[in-house]
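Asker:
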Amino acid sequence: MTSKYTAFRCPEDLLEKAKARAKRDRRSLSNYLITLIDRDVSSSAESEPETVGASRVILGED
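Residue numbers (this note's numbering): 416 to 477.
1. Based on Cα-Cα distance, which residue from Ala435, Ser457, Asp455 and Leu448 lies nearest to Thr421?
2. Assuming Ala435 contacts Ser443 (C-beta within less than 8 Å), just tell me the rounded distance between them.
3. Alpha carbon to alpha carbon, what distance is there between Glu431 and Asp453?
4. In whole angstroms, what is the alpha-carbon distance linking Pro426 and Ala433?
5. Helix, strand or coil, according to DSSP, for Thr417 in the structure here?
6. Let me know the secondary structure DSSP gives Ser445 once reduced to three states.
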């Protein structure tokens, strides 16, 4: 898997909590965040049709 640098805005308090959690787990912040994103994306792939349907209702695209 290749990696690509990206930047995003994050509330300072949330960033500090993530850094502390990564440190507790003896991981880099990058590795910690990638793991969380991977888990979320993998688990949401199973329920994607439901999520898409919910989005359509909220956006009035039904």
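Cβ atoms here follow ideal geometry from the backbone N, Cα and C, with glycine treated the same way.
Bear in mind the structure is a predicted one, so any value in this text is a computation, not a measurement.
Answerer: In terms of the structure at hand:
1. By 1-based counting over the sequence shown, the position of residue 421 is 6. The option with the nearest alpha carbon to Thr421 is Leu448.
2. For the purposes of this step, residue 435 is taken as residue 20 along the sequence shown, with counting starting at 1. For the purposes of this step, residue 443 is taken as residue 28 along the sequence shown, with counting starting at 1. With 8 Å as the limit, Ala435 and Ser443 do not qualify as a contact, their Cβ atoms being about 13 Å apart.
3. Locating residue 453 in the sequence shown gives position 38, counting from the first residue. Locating residue 431 in the sequence shown gives position 16, counting from the first residue. One C-alpha to the other measures close to 21 Å.
4. Translated into the one-based positions of the sequence shown, residue 426 becomes position 11. Translated into the one-based positions of the sequence shown, residue 433 becomes position 18. Each residue's alpha carbon lies about 11 Å from the other.
5. The count along the sequence shown starts at 1 and reaches residue 417 at position 2. Thr417: coil per DSSP, three-state reduction.
6. By one-based count along the sequence shown, residue 445 stands at place 30. Reduced to three states, the DSSP call for Ser445 is helix.
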